[in-house]
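> Take a look at this one; I'll ask things after.
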Amino acid sequence: MGLKCELEIPTKVSKTQAPSTILNLMAHRPHLASSLNMFYLAEVVFKKIGTNLFHVTVWIPRAGLTEPAFLPSRNQATAGVVLQLPLLEGAQLGGGGNRKGKSKKWRQMLQFPHISQCEELRLSLERDYHNLCERQPIGRLLFREFCTTRPELTRCIAFLDEVAEYEVTPDEKRKACGQRLMQNFLSHTGPDLIPEVPQQLVTNCAQQLEKGPCKDLFQELTRLTHEYLSVAPFADYLDSIYFNRFLQWKWLERQPVTKNTFRQYRVLGKGGFGEVCACQVRATGKMYACKKLEKKRIKKRKGEAMALNEKQILEKVNSRFVVSLAYAYETKDALCLVLTLMNGGDLKFHIYHMGQAGFPEARAVFYAAEICCGLEDLHRERIVYRDLKPENILLDDHGHIRISDLGLAVHVPEGQTIKGRVGTVGYMAPEVVKNERYTFSPDWWALGCLLYEMIAGQSPFQQRKKKIKREEVERLVKEVAEEYSDQFSLQARSLCSQLLCKDPAERLGCRGGGACEVKEHPIFKKLNFKRLGAGILEPPFKPDPQAIYCKDVLDIEQFSTVKGVELEPADQDFYQKFATGSVSIPWQNEMVETECFQELNVFGLDGSVPPDLDWKGQPPAPPKKGLLQRLFSRQR
-3 MGLKCELEIP TKVSKTQAPS TILNLMAHRP HLASSLNMFY LAEVVFKKIG TNLFHVTVWI
57 PRAGLTEPAF LPSRNQATAG VVLQLPLLEG AQLGGGGNRK GKSKKWRQML QFPHISQCEE
117 LRLSLERDYH NLCERQPIGR LLFREFCTTR PELTRCIAFL DEVAEYEVTP DEKRKACGQR
177 LMQNFLSHTG PDLIPEVPQQ LVTNCAQQLE KGPCKDLFQE LTRLTHEYLS VAPFADYLDS
237 IYFNRFLQWK WLERQPVTKN TFRQYRVLGK GGFGEVCACQ VRATGKMYAC KKLEKKRIKK
297 RKGEAMALNE KQILEKVNSR FVVSLAYAYE TKDALCLVLT LMNGGDLKFH IYHMGQAGFP
357 EARAVFYAAE ICCGLEDLHR ERIVYRDLKP ENILLDDHGH IRISDLGLAV HVPEGQTIKG
417 RVGTVGYMAP EVVKNERYTF SPDWWALGCL LYEMIAGQSP FQQRKKKIKR EEVERLVKEV
477 AEEYSDQFSL QARSLCSQLL CKDPAERLGC RGGGACEVKE HPIFKKLNFK RLGAGILEPP
537 FKPDPQAIYC KDVLDIEQFS TVKGVELEPA DQDFYQKFAT GSVSIPWQNE MVETECFQEL
597 NVFGLDGSVP PDLDWKGQPP APPKKGLLQR LFSRQR
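Our numbering numbers the first residue of the sequence shown as -3 and each following residue consecutively.
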C-alpha cells in the first residue's frame, strides 16, 4: 500500500529548491497534505517534459512508523556529517497497521530461548542490585513485577515512585505532595508504611518539610529503601521466574547483529570515514541513523584508535542529553554505528537560518541548561567533550537537545590531567590554545561561547561571514575580553562572563563544584532541573514535522574509491573490538518503547511456570528444514 502523486515543476527550479517546491505543491492538495509527514520515505522520480517542465512522480509507502518524519540536520550524531533532505529511495517498510514498522516475523526474531540455554549467562552475570534492578530498563521492570507478589515490597516500590514524583513536582505544589507521602508511607497510621525506617530520620524529614521542601528531602530514605531491597528481596528475585525471564531477554540482547538486523534506506549524508544512512530495526520498527566507517578508509588514515575511542565512549554514556549508541556491527567493507535519529535540525541552522540571527534569551537559557546536563553526564563518566559548538547540538522532534559527535571526546583518568590542542577555532578555551594541561574546563568555556552565540547571533571571538585568520582568533581568545550588547540581560552577561573567564581555575564550573556551580547561577533560578532531567519541561520551540531544517539539500558528495589499501587478517582484532553488537540500555529501551516487551513478557495465567522457563523441561526441537533449505546447505 502507498500513495502516488504526480506534479509538474519548472525546470528552472534548482535541486536545492526542488524538495520545498514539491512539498508546497503537495500541501495545497487536501488528499496529500496528511501524508507530508511521510515525505522522507518518498521515492521521487524526475522526468523532463518539454524544455520548461519536469514531470515529478512522488511515491510514499504507507507504514506505521514510530519515529517522526524528517531527518533534516547537519552533523547528525557523528563527526562531520552533513545531512541533506532525506528522500528515501525505494523504501520498503515492513508492517503497516498495528505492527508499527515491525517485520511480519518479528515474534520469531524475538523468540525466547528455553531457559536451559541461558545457563552460561546465569553463571557469568554479575549479581549487582543497582545494575540489574535499577539501571537496566527491562531488569527494573521485571524486578518491580516480582515485587508485586509481596505486599511489603509493593509498598517499597510505591514509596520510591512517590519520591520520584515529589522530586519533579513544581515548587509551589511540593510541600503538599511531601505531606501526602509522609502520611501514606512514613506514618504508623498510614496505609502503606514501609519497613525498617528509623523514626528519627522520619522526624527530621517532617521538620524539614515544614521549613521548606527541598528536592532532595527524601534522599536518605530512598537510599535505605534500596538498601533493604538489595538484600533478602534481591536474593529471592534471583531465584524467581522473573529473573529467569530477564536472562531470556539478556540472551536475546546478546545475539549477533548483522546488516540483516536492519532495513537500510538511502544515504542521508557523509561523515569522516563514510556515509550515513537511515535504517530501521526489522524486529521492532525503530528508526536510527547508521554511520558507516569504511574499513579501507580507516586503515588509510590510521583512524583505528579514534574510531574505537568514539565507539567506546558512546556506549559508556547513558544520557537523555547525549546521542545514544544502540548497535555496533560490521559488514564486509564497513564498521557501523547505529545512533539516535534526530529530526529537528542543529542549533547552527536554527541560529542563522530561521529569521533574525540568534534566539530570545529564554530559549537560549533552556538549551544551555540541557547542554549543562549533558556535560554533567559526560563529566560524571570522566569524559571531556572538547567539541561543543552549535552544529554539534541536535534537536529532536519535541525540541529537546542532544550532544552529538564525540569524535574528539576523551577519558580523563582519575586524579590526572590531559593535554591536546584539539577542537574548533573560536570555541577552544585559552588553555587548549596554549597547549596547557586540563581536565573538564574546556567544555565550560565552550558552553559560554555557545550561550553568547545563541543570544547575540554571532560568536564572541569572530564575526559570521567575516574572514579572520586563525592566529587572530586565538589571540582574541587568549587576550581580549568579549563585548556585550543590549541583547544580554544582566544575568545572561554574568553567566557568559563567568564561563568565558580566561583563567580556568576561576571559571564557573571549574571551582570544585562542576555542573552544580553552573546550575546554581541565578539565571536558572526558576528552572527545575529535576523536571528538566525527566523530560517533563516543555521546550520553548517545537520543530514543525513538515518543515525542513537544513540549508542545502540533495547535494551529498560521493566518496572517492580508496586505492592501494588491502585488508589483512591482523585487522580482524580491531574489528572484533568494534563490532560488539547491541548496547544494553538502548536495546532494552527500544524493546520497551516499541511495546515488544509488553507483548512478549507473558507468564502463566494461573501462576504456573511457562514451559520455556521450566528448568526441568527440554527445549523444543528445532523445526525441520525444507527441501530447498537442505539442498542449499549441501551446496554451501
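Where is the CB? At the ideal position from N, CA and C, for every residue including glycine.
Name the residue from 511, 208, 428, 360 whose alpha carbon lies nearest to the alpha carbon of residue 374.
511
> For residue 240, which residues of its own chain have a beta-carbon under 6 Å away from its beta-carbon, when the five flanking residues on both sides are left out?
111, 609
> Using a Cβ-Cβ cutoff of less than 6 Å, which residues in the same chain neighbour residue 326 once the five nearest sequence positions on both sides are dropped?
For residue 326, where only same-chain residues beyond five positions count, the Cβ hits under 6 Å are 571, 575.
> Where does residue 341 fall in DSSP's three states?
coil
> Using beta-carbon positions only, say whether residue 486 and residue 517 come within less than 8 Å of one another.
It is not a contact, given that the beta carbons lie outside the stated cut-off.
> Ignoring anything shorter than 4 residues or poking outside the stretch 267 to 308, list the alpha helix (DSSP H) runs there in chain order.
291 to 297
> Can you tell me which of 330, 323, 324, 237 puts its alpha carbon nearest to the alpha carbon of residue 268?
330
> Does the Cβ of residue 349 have 16 or more other Cβ atoms within 10 Å, making it buried, or fewer, making it exposed?
exposed
> In chain order, what residues of the same chain lie with their CB nearer than 6 Å to the CB of residue 288, ignoring the 5 residues before and after it?
Taken in chain order, the residues that qualify are 270, 271, 330, 332.
> Are there any heavy atoms of the ligand COA lying less than 7 Å away from the beta-carbon of residue 353, as far as the coordinates show?
What this structure holds is no ligand at all, so the ligand COA is not there to describe.
> When the Cα of residue 432 is compared with those of 345, 454, 489, 498, which residue comes out closest?
Comparing C-alpha distances from residue 432 to each of 345, 454, 489, 498 shows the shortest one belongs to 498.
> So, for residue 364: in the same chain, excluding its five sequence neighbours on each side, which residues have a beta-carbon less than 7 Å away from its beta-carbon?
For residue 364, the CB contacts under 7 Å within the same chain, skipping 5 residues up- and downstream, are 443, 447 in chain order.
> So, do the stretch 138 to 156 and the stretch 221 to 239 have three or more beta carbon pairs nearer to each other than 8 Å?
The answer is yes - the stretch 221 to 239 touches the stretch 138 to 156, with three or more Cβ pairs under 8 Å.
> Return the Cβ separation of residue 233 and residue 142 in integer angstroms, given the expectation that the two are a contact with Cβ distance under 8 Å.
5 Å
> Is residue 551 helix, strand or coil by DSSP?
Residue placement at residue 551 is poorly supported in this model, since its pLDDT is 47, which falls under 50; the coordinates still yield a value, given next. Residue 551: coil per DSSP, three-state reduction.
> Are residue 237 and residue 605 touching if we call contact CB-CB under 8 Å?
yes
> Got a sec, what are the start and stop residues for the beta strand (DSSP E) residue 325 sits in?
321 to 326
> Compare the beta carbon distance of residue 164 and residue 526 with 8 Å and say whether it is the shorter of the two.
yes
> What are the partner residues of residue 332, as DSSP defines its beta bridges?
288, 325
> Please list, in chain order, all residues of the same chain as residue 529 whose beta carbon is under 8 Å from its beta carbon, the five residues on each side excluded.
So the qualifying residues of the chain are 316, 369.
> Using 8 Å as the threshold, is the stretch 462 to 482 in touch with the stretch 423 to 430, meaning 3 or more CB pairs across them?
yes
> Drop a sphere of 10 angstroms on the beta-carbon of residue 167, count the other beta-carbons inside from all chains shown, and report buried for 16 or more, exposed for fewer.
exposed
> If you compare alpha carbons, which of 356, 273, 563 is closest to residue 263?
Shortest Cα-Cα distance from residue 263 to any of 356, 273, 563 involves 273.
> How long is the line joining the alpha carbons of residue 372 and residue 312, rounded to whole angstroms?
14 Å
> Check each candidate in 383, 257, 303 and name the one with the smallest Cα separation from residue 323.
257
> With C-beta atoms as the reference, is residue 390 less than 8 Å away from residue 400?
yes
> Just tell me which of 210, 2, 465, 129 has its CA closest to the CA of residue 231.
129
> If you draw a straight line from the alpha carbon of residue 452 to that of residue 347, how long is it in whole angstroms?
Distance between the alpha carbons of residue 452 and residue 347 is about 10 Å.
> With distances taken between CB atoms, is the gap from residue 410 to residue 378 smaller than 8 Å?
yes
> Mind checking which residues open and close the alpha helix (DSSP H) that includes residue 103?
102 to 105
> Please name the residue, chosen from 202, 421, 107, 564, that lies closest to residue 473 on a Cα-to-Cα basis.
421
> Contact between the stretch 166 to 183 and the stretch 209 to 222: three or more CB pairs below 8 Å?
yes
> Please go through the stretch 427 to 492 and give each complete beta strand (DSSP E) segment of 3 or more residues, from N-terminal end onward.
none
> Who are the Cβ neighbours of residue 634 in its own chain at under 7 Å, not counting the five residues just before and after it?
What the structure shows of the chain is the stretch from -3 to 632, and residue 634 is not part of that stretch, so it cannot be assessed.
> Would you mind sorting residue 449 into buried or exposed? The rule is 16 or more other CB atoms within 10 Å of its CB.
buried
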